[in-house]
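Here the sequence shown is numbered in the UniProt record's numbering, starting from 1 and rising by one per residue.
Here a beta-carbon is modelled for each residue, glycine too, at the ideal position from N, C-alpha and C.
Structure first, commentary second.
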Amino acid sequence: MKSSTQKRAAARLAAVQALYQVEMEATPMASLLDEFHRHRLGAEIEGDQYAQAEVAFFDAVVQGVTARRDEIDALLGERLAEGWKLERLDKTMLQILRAGTWELLARADVPTATAISEYVDVAHAFFEPREAKFVNGVLDAVAKAVR
Numbered sequence: 001m002k003s004s005t006q007k008r009a010a011a012r013l014a015a016v017q018a019l020y021q022v023e024m025e026a027t028p029m030a031s032l033l034d035e036f037h038r039h040r041l042g043a044e045i046e047g048d049q050y051a052q053a054e055v056a057f058f059d060a061v062v063q064g065v066t067a068r069r070d071e072i073d074a075l076l077g078e079r080l081a082e083g084w085k086l087e088r089l090d091k092t093m094l095q096i097l098r099a100g101t102w103e104l105l106a107r108a109d110v111p112t113a114t115a116i117s118e119y120v121d122v123a124h125a126f127f128e129p130r131e132a133k134f135v136n137g138v139l140d141a142v143a144k145a146v147r
């Protein structure tokens with residue numbers, strides 16, 4: 001049995017992947033959630049075993065980011081270095097930052113340090129350490145503003 005911490009970590013990673021899919025393909029929410037519930041969360045795909053994820057948490061992150069995207073993007077935009085725009089960010093990086101920002105905004109039950117470190121871990125799945133430090137810095141600035 002996977003621990004709830006591992007299931008949440010898997011949910012966060014899957015949520016970033018789902019948000020990326022929405023960004024790139026504009027997949028309707030109902031179809032997206034159904035696809036992830038039936039075929040991705042805890043499934044085996046091309047020999048890779050996907051971790052069991054906390055489905056309710058996955059849904060909350062994906063739906064929450066989607067519902068509050070403008071608010072989240074405004075918060076993120078204010079915390080990027082001068083001259084940087086969200087459009088310049090790698091699409092995966094943007095989804096990591098959006099998900100982390102939503103969690104800091106909407107999930108007071110998740111400690112600030114936990115939310116930040118979990119999304120830094122997600123960043124490590126896709127990027128080099130330098131980019132993971134960027135995620136840490138931006139989410140830390142968001143946390144100071146919203147918590």
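Item, Value
"Local Cβ density within 10 Å of G77, reported as buried at 16 or more and exposed below that", "exposed"
"Backbone CA spacing between V120 and N136 [nearest angstrom]", "6 Å"
"4-residue-minimum alpha helix (DSSP H) runs that sit fully inside the region 48-72, ordered along the chain", "55-67"
"Assigned secondary structure, A14 (DSSP; H/G/I helix, E/B strand, else coil)", "helix"
"Coarse secondary structure for A26, derived from DSSP in three states", "coil"
"Selected residue, minimal CA-CA separation from A56, among R8, E118 and K133", "R8"
"Candidates I96, A11 and L94: closest to Q52 by CA position", "A11"
"Reduced DSSP secondary structure (H/G/I, E/B, other) of P129", "helix"
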